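Down below is the structure, laid out as structure tokens.
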Amino acid sequence: MSSQTQGGWPPASELTRTALDSKTGAARASVASNAALTALKLGAWLVTSSVSVLSEALHSGLDLVAAVMALLAVRRSRTPADAAHPFGHGKFESLSGLAEGALILVAVALIAWNAVERLIYHHTALLHPQIGAAVMAVSALVNVFISRLLFRVAKATDSVALEADAWHLRTDVWTSAGVLGGLGAIAIVRRTGFSHADIIDPLVALGVAAVIAKAAWGIVCQSWDHLVDRSLPQEEIAAIESLLREHYPQFASYHQLRTRKAGPQRYIDLHLVVPGEESVSEAHALCDHLEQELRSLLPRLEVLIHVEPASREIHA
Numbered sequence: 068m069s070s071q072t073q074g075g076w077p078p079a080s081e082l083t084r085t086a087l088d089s090k091t092g093a094a095r096a097s098v099a100s101n102a103a104l105t106a107l108k109l110g111a112w113l114v115t116s117s118v119s120v121l122s123e124a125l126h127s128g129l130d131l132v133a134a135v136m137a138l139l140a141v142r143r144s145r146t147p148a149d150a151a152h153p154f155g156h157g158k159f160e161s162l163s164g165l166a167e168g169a170l171i172l173v174a175v176a177l178i179a180w181n182a183v184e185r186l187i188y189h190h191t192a193l194l195h196p197q198i199g200a201a202v203m204a205v206s207a208l209v210n211v212f213i214s215r216l217l218f219r220v221a222k223a224t225d226s227v228a229l230e231a232d233a234w235h236l237r238t239d240v241w242t243s244a245g246v247l248g249g250l251g252a253i254a255i256v257r258r259t260g261f262s263h264a265d266i267i268d269p270l271v272a273l274g275v276a277a278v279i280a281k282a283a284w285g286i287v288c289q290s291w292d293h294l295v296d297r298s299l300p301q302e303e304i305a306a307i308e309s310l311l312r313e314h315y316p317q318f319a320s321y322h323q324l325r326t327r328k329a330g331p332q333r334y335i336d337l338h339l340v341v342p343g344e345e346s347v348s349e350a351h352a353l354c355d356h357l358e359q360e361l362r363s364l365l366p367r368l369e370v371l372i373h374v375e376p377a378s379r380e381i382h383a
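Sequence positions in the sequence shown follow the numbering used here and run 68 to 383.
Structure, rendered in structure tokens:
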């Protein structure tokens, strides 16, 4: 005998229409801000000839692509379960996060290539560093605001795609601040008469690439874990096991506890061993009670419980 909560997308009580709309609104805000900042940084690069500003323009351009992907993934993931996708569409967000991480790594390669090329082969004079610095300051401020919005909504809705997008913009804040500092240093050093101050520019770009690469790896690992059905975090599993132990007087034991996550949706299945003399209705009532307790413990949770009598207990 098995007992299962309602399949498909979580009920409205778990993930309200307002929350779903907030995900879409946050993703749209990210698309709009990235489009504006990409254009602004490209303009600054044309004026300054700064490879670090170019690296930031490339970064924001890929952020824009990633933001569009996140928007599409959020829209798709909210589609209810259907015959072709009986477990819902939550993994579309995980796919988006994986692709976003890959895009960031592409940005790292482009930034590093341009920086090394500038260091070795070209010595184009850096022009108007103060303009580049101003653009970086604007970029950092805008991305602080948008990334906070994305993190807040991602936490409230457990959205992998929005969290990945938020980390994109948070790394943009760090790297913009780094480029801002580099351009400011160049402007100051030039006043001392040092003729090789422009070397700071590609060195800062390489530092930017290193910071971005670290963030990209974290995004890729998290998204990959969801796609290959890695179990829930250890602290969540511990909480599940603790709750089950609290109900031991009502059943004999449990085994084959399995967990996974798809986008914002969590899945649990287990075998519950009950006294052999217990009736079907009593076992079903116990399963219903456990499901309610587990769903109160963890958000957006679907539970499948297989019941077997104590005489047939199988140890995993």
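Cβ atoms here follow ideal geometry from the backbone N, Cα and C, with glycine treated the same way.
All values reported here derive from a predicted model rather than from experimental measurement.
Proximity below 7 angstroms, CB of residue i to CB of residue j
{"i": "SER97", "j": "ALA134", "result": "yes"}
{"i": "SER163", "j": "LEU294", "result": "no"}
{"i": "SER309", "j": "VAL340", "result": "no"}
{"i": "SER111", "j": "ILE198", "result": "In the sequence on display, residue 111 carries Ala and not Ser. Result yes, Cβ atoms of ALA111 and ILE198 sit closer than 7 angstroms."}
{"i": "VAL59", "j": "LEU229", "result": "In the structure displayed, the chain extends from 68 to 383; residue 59 sits before or after that span and is not available."}
{"i": "LEU365", "j": "ARG333", "result": "yes"}
{"i": "GLY168", "j": "ILE279", "result": "no"}
{"i": "ILE253", "j": "PRO300", "result": "no"}
{"i": "SER100", "j": "GLY249", "result": "no"}
{"i": "SER116", "j": "LEU216", "result": "no"}
{"i": "LYS90", "j": "ALA329", "result": "no"}
{"i": "ALA200", "j": "LEU247", "result": "yes"}
{"i": "THR259", "j": "SER298", "result": "no"}
{"i": "ALA244", "j": "ALA207", "result": "yes"}
{"i": "MET136", "j": "ALA106", "result": "no"}
{"i": "HIS314", "j": "HIS338", "result": "no"}
{"i": "LEU121", "j": "LEU170", "result": "no"}
{"i": "PHE218", "j": "ALA231", "result": "no"}
{"i": "LEU172", "j": "ASN210", "result": "no"}
Range of the contiguous beta strand (DSSP E) that encloses residue i
{"i": "PRO376", "result": "368-376"}
{"i": "SER320", "result": "320-329"}
{"i": "LEU337", "result": "332-341"}
Residue i, enclosing alpha helix (DSSP H) - first and last residue
{"i": "GLN359", "result": "347-364"}
{"i": "HIS293", "result": "267-294"}
{"i": "ALA298", "result": "According to the sequence displayed, residue 298 carries Ser and not Ala. That residue, SER298, is in no alpha helix (DSSP H); it is neither H nor E in DSSP."}
{"i": "LEU194", "result": "Note, LEU194: premise wrong, no alpha helix (DSSP H); not H, not E."}
{"i": "ALA176", "result": "158-187"}
Assumed close pair residue i, residue j - CB separation to whole angstroms, cut-off 8 angstroms
{"i": "ILE178", "j": "ALA276", "result": "4 angstroms"}
{"i": "HIS126", "j": "ALA93", "result": "Not really, about 20 angstroms apart at Cβ, beyond 8 angstroms."}
{"i": "ASP336", "j": "LEU371", "result": "4 angstroms"}
{"i": "LEU139", "j": "ALA102", "result": "Not a contact, Cβ separation roughly 15 angstroms."}
{"i": "PRO269", "j": "ARG185", "result": "4 angstroms"}
{"i": "ALA182", "j": "ALA272", "result": "4 angstroms"}
{"i": "ARG367", "j": "ASP225", "result": "6 angstroms"}
{"i": "ILE307", "j": "LEU361", "result": "7 angstroms"}
Residue-level contact to chain B via CB, residue i, 7 angstroms cutoff
{"i": "GLU302", "result": "Within the model displayed, chain B is absent; a lone protein chain is all it includes."}
Q) Three or more beta-carbon pairs under 8 angstroms between the segment 280-299 and the segment 337-355, yes or no? A) Under the 8 angstroms Cβ criterion, the segment 280-299 does not count as touching the segment 337-355, having fewer than three qualifying pairs.
Q) What runs of the alpha helix (DSSP H), each 4 residues or longer, lie entirely inside the segment 214-266? A) Taken in chain order, the whole alpha helix (DSSP H) runs of length 4 or more contained in the segment 214-266 are 227-258.
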